[in-house]
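One structure is given below, encoded as structure tokens.
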Amino acid sequence: MAGSLQDQLLKAGLANKQQANKAKADKRKKSKQAKAVKKGEVFKDQDELEREQAIAKAKAEKLERDRELNRQREDELTRRSIDASCLQMIQQNKEEIPAKGDVEYNFVDGTTIKKLYVNNELQEQLAKGNLAIAADKGSYALIPAGVAEKISERRPELIISRQQVEETDPDDPYADFQIPDDLMW
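Residue numbers (the numbering used here): 1 to 185.
Okay, structure coming up:
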């Protein structure tokens, strides 16, 4: 019985050629690792490399998710600050609507027609486009046209109604015959 234990197991039929090759490869790998450790080198097998790659990939994905969440938070903060500044501009610049207005001013809010009772002076300013109607916490506020322009640049949905001043054509034959838009029927 001269020969290695491996040869003896193969002859006896207790092991096959694949198992023998696998045992040789494992033995070679262990000896290589032992030599690398003696030299001070770090030797990593395939499982460790895959694990490290998976960890690095997970870190990269987490970093990307965190960036996206931070961007969303910043967008939300920006939107809230714009909302607050628009509402503050409305509060600071709104004209006082008289409690008992004698003139009914109709305007469209979304798909419904709303009424606002104002005095003659406010109705005239609304008709000329000097004032605009803005949403103000569930009610309406009259604000100057310049402020309405600034607000509509940031949050156009807050400006409910605003008359646009149309430039007239100098060659218009009907320029002398203005149609009043504040007729009372």
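Cβ atoms here follow ideal geometry from the backbone N, Cα and C, with glycine treated the same way.
{"query": "Helix, strand or coil for Asn119, going by three-state DSSP, please let me know.", "result": "coil"}
{"query": "With a Cβ-Cβ cutoff of 8 Å, do Ala20 and Gln6 count as a contact?", "result": "yes"}
{"query": "Cα-Cα, which of Arg155, Ala175, Ala36 and Gly110 is closest to Arg79?", "result": "Arg155"}
{"query": "In whole angstroms, what is the alpha-carbon distance linking Lys114 and Ser81?", "result": "29 Å"}
{"query": "For the pair the stretch 69-76 and the stretch 116-124, tell me if three or more CB-CB distances fall below 8 Å.", "result": "no"}
{"query": "Taking 8 Å as the threshold (C-beta atoms), are Ala145 and Thr158 in contact?", "result": "One detail in the question is off: residue 158 reads as Leu in this sequence, not Thr. Against a cut-off of 8 Å, the Cβ pair of Ala145 and Leu158 comes out as no contact."}
{"query": "Check the C-beta distance from Arg162 over to Ala175 and give it rounded, since I have them as a contact under 8 Å.", "result": "At roughly 24 Å, the Cβ-Cβ gap does not stay under 8 Å, so Arg162 and Ala175 are not in contact."}
{"query": "Rounded to whole angstroms, what's the CA-CA distance from Gly101 to Arg65? Just pull it up for me.", "result": "56 Å"}
{"query": "Out of curiosity, what's the CA-to-CA distance linking Lys17 and Ala60?", "result": "44 Å"}
{"query": "Would you kindly check if the distance between the Cβ of Ile90 and the Cβ of Phe107 is under 8 Å?", "result": "no"}
{"query": "Am I right that Leu126 and Tyr140 are in contact with their C-beta atoms under 8 Å? What's the rounded C-beta distance?", "result": "About 11 Å; that fails the 8 Å criterion."}
{"query": "Closest to Ser85 by CA distance: which of Asp171, Lys150 and Gln178 is it?", "result": "Lys150"}
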